[in-house]
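Numbering (this note's numbering), first residue to last: 1469 to 1705.
Since the structure comes first, as structure tokens, the remarks are kept for the end.
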Amino acid sequence: KIALTSSKSHTIAELIQGIYKKTGFNASIAVELSEHFTKTYTEVTEGLVLDSGLINPGFANMDNGNCSFEEPHILIYDSAIVDAFEMSKVVEEYKREKIPLVLIAPSFSDNFISWCLSNKQSVGLQICLVETPGWGASVLENKRDIRAFLNGDMANKVVITPFDMTIYNNPDKKKIRNRVKQLNAKLEVETEDFSIDDYQKRIANLQRSSAIIYVGGITRKNATEEFDRIEDAVGAC
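And the structure:
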């Protein structure tokens, strides 16, 4: 009913209802324009949501101000990335192979951010910088969650907004079970309400179902109009 009121389309309302029936209400749903298809379709997967977004709006590659990559490599660094020259050696391989790259670190120098943005504009480097999510002890736990969710350093997809990042993947079930087991062990001996809540949210986040709606259309204008209606309806729900 909410989706119908928002979109004024039974088709869109039934699409969104169908997704939530598959994923449950705790799902993260992303909406994207399809570059290749005239019809709208959905893909149900698993998604890890983290509270850290675009470090600079210049890294966005979508009209809605988000950054979206298919089959990205996600590299996590324990210390700040400062030296643009040294990091350029790491990035060069990904640039040459045209592999999307997400770098997660505590912070980035202005020089390195400028270097990345310049290469994005001039040679089409597919890169996005994200500060390590969390603070205090949660930083280490977030990095452990991410590493458990990735296949090596790869994921199926990533969507980064100005506020958060969702990693979509079909992770190794054994790695997820082991990570959840670690978190449950900590949960059993924890006495602080804040930490108990944090561990429970982590476990739910690691096991969260997600979906991506790829919006198609006969023309670009048609697809864009449909995209806006679907995005508004998902937001309303």
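We treat Cβ as the ideally placed atom computed from N, Cα and C, and that holds for glycine.
Only a predicted model underlies this, so the values are computations on that prediction, with no experimental measurement involved.
Requested in this report: Please confirm if the segment 1648-1657 is in contact with the segment 1665-1683, defined as three or more CB-CB distances below 8 Å between the two stretches.
Outcome: Yes, since at least three Cβ pairs between the segment 1648-1657 and the segment 1665-1683 fall closer than 8 Å, the two stretches touch.
Query - Among 1565, 1554, 1522, nearest to residue 1541 - alpha-carbon criterion - result: Here the question's residue 1541 lines up with position 73 in the sequence shown. Nearest option by C-alpha distance: 1565.
Query raised in the report: From this set, 1705, 1685, 1693, 1698, which residue's C-alpha is nearest residue 1503's C-alpha?
Result: Residue 1503 sits at position 35 when you count from the first residue of the sequence shown. Of 1705, 1685, 1693, 1698, the smallest CA-CA separation from residue 1503 is found for 1685.
Requested in this report: Could you name the residues of the same chain whose beta carbon sits closer than 6 Å to that of residue 1508, not counting the 5 residues immediately before and after it, in chain order?
Outcome: Position 40 of the sequence shown, counted from the start, is the residue given in the question as residue 1508. The beta carbon of residue 1508 lies closer than 6 Å to those of 1683, 1684 in the same chain, with the five residues before and after it left out.
**Report entry** Burial state of residue 1625, where buried means 16 or more other Cβ atoms lie within 10 Å
**Finding:** Walking along the sequence shown from the start, residue 1625 turns up at place 157. Burial call: buried.
Query raised in the report: From this set, 1670, 1616, 1506, 1573, which residue's C-alpha is nearest residue 1690's C-alpha?
Result: Indexing the sequence shown from 1 puts residue 1690 at position 222. Ranking 1670, 1616, 1506, 1573 by CA distance to the CA of residue 1690 puts 1506 first.
Query raised in the report: Excluding sequence positions up to five away, which residues of its chain have a Cβ less than 8 Å from the Cβ of residue 1585?
Result: Taking the first residue of the sequence shown as position 1, residue 1585 is located at position 117. Correct list, in chain order: 1524, 1526, 1527.
Report task. Rounded to whole angstroms, what's the CA-CA distance from residue 1608 to residue 1687? Just pull it up for me. Result -> Here the question's residue 1608 lines up with position 140 in the sequence shown. Here the question's residue 1687 lines up with position 219 in the sequence shown. Roughly 46 Å separates the two Cα atoms.
Requested in this report: State the DSSP-derived secondary structure class of residue 1705, mapped to helix, strand or coil.
Outcome: Residue mapping note: residue 1705 aligns to position 237 of the sequence shown, counting from 1. Secondary structure at residue 1705: coil, using DSSP grouped into helix, strand and coil.
Query raised in the report: DSSP state of residue 1679, grouped into three classes?
Result: Start at 1 with the first residue of the sequence shown, and residue 1679 comes out as number 211. Residue state, collapsed to three classes: strand.
Query - Spatial distance of residue 1701 from residue 1474 (CA atoms) - result: As a position in the sequence shown, residue 1701 is number 233, starting the count at 1. As a position in the sequence shown, residue 1474 is number 6, starting the count at 1. If I take the Cα positions, the gap works out to 5 Å.
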